[in-house]
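Numbering (the numbering used here), first residue to last: 936 to 1118. Backbone N, C-alpha and C define an ideal beta-carbon position, used for all residues, glycine too.
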């Protein structure tokens, strides 16, 4: 390729990148990702949108997991019970998130700590219920299916590439930590 063609292509690429950045800045810097105006994407959504999006993500993940496990007809009743429990859990979590977005923000350190305690208690109860559902289903799996489940279920509830672990998109592949005290 001739030098003038390379230069033209590079200039075009730079111009298009600048145009995209200008458009994003014209919209107030809102590219649809990350915190904007002190609120992250989930908090900007209407509660109905949030519930629908969480439900959609959970359904998609469960469908992928079901395909990856290649369940036998004998395992199907246990899968259906597990899937129902996870679907209910997702609905409860979405409703709780919607409820929290409607609440007034705590004003004092004491109020913030009380809210954190309440959330911790709620998460502990949700985790205990989820563990029971997993235990009921996990016992029906073969050793090969357990390996698939262990790998795939670790990402359940994560937001795609946001889950940072070795081998995940955007994460160090050698297991290195992201920074002091992180990882």
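Are there 16 or more other CB atoms within 10 angstroms of the CB of residue i, so buried, or fewer, so exposed?
{"i": "residue 1025", "result": "buried"}
{"i": "residue 984", "result": "exposed"}
{"i": "residue 1051", "result": "exposed"}
{"i": "residue 973", "result": "In this predicted model, residue 973 has a pLDDT of only 45, less than 50, meaning its place in the structure is not dependable; the value taken from the coordinates is given anyway. Residue 973 comes out exposed."}
{"i": "residue 1048", "result": "exposed"}
{"i": "residue 1054", "result": "exposed"}
{"i": "residue 1002", "result": "exposed"}
{"i": "residue 981", "result": "exposed"}
{"i": "residue 1076", "result": "buried"}
{"i": "residue 993", "result": "buried"}
State the start and end residues of the unbroken alpha helix (DSSP H) segment that holds residue i.
{"i": "residue 987", "result": "982-1004"}
Contact defined as beta carbons within less than 8 Å: I believe residue i pairs with residue j. What is the distance between those atoms, to the nearest angstrom?
{"i": "residue 1071", "j": "residue 1017", "result": "7 Å"}
{"i": "residue 1004", "j": "residue 1080", "result": "5 Å"}
{"i": "residue 1068", "j": "residue 1028", "result": "Their Cβ separation, rounded to whole angstroms, is 14 Å, which puts residue 1068 and residue 1028 out of contact at 8 Å."}
{"i": "residue 1087", "j": "residue 1006", "result": "That belief does not hold up - the Cβ atoms of residue 1087 and residue 1006 are roughly 13 Å apart, past 8 Å."}
For residue i, which three-state DSSP category applies?
{"i": "residue 1057", "result": "helix"}
{"i": "residue 1018", "result": "helix"}
{"i": "residue 1074", "result": "coil"}
{"i": "residue 1037", "result": "helix"}
{"i": "residue 1012", "result": "helix"}
{"i": "residue 1082", "result": "helix"}
{"i": "residue 1089", "result": "coil"}
{"i": "residue 1025", "result": "helix"}
{"i": "residue 1152", "result": "Because the chain here runs from 936 to 1118, residue 1152 falls outside it and cannot be looked at."}
Using a Cβ-Cβ distance under 9 Å, would residue i count as near chain B?
{"i": "residue 1067", "result": "As a matter of chain content, chain B is missing from the structure shown, which is built from one protein chain."}
Original post:
Given 8 Å as the limit, is there contact between the stretch 1053-1070 and the stretch 983-997, that is, 3 or more CB pairs closer than that?
Top reply: no
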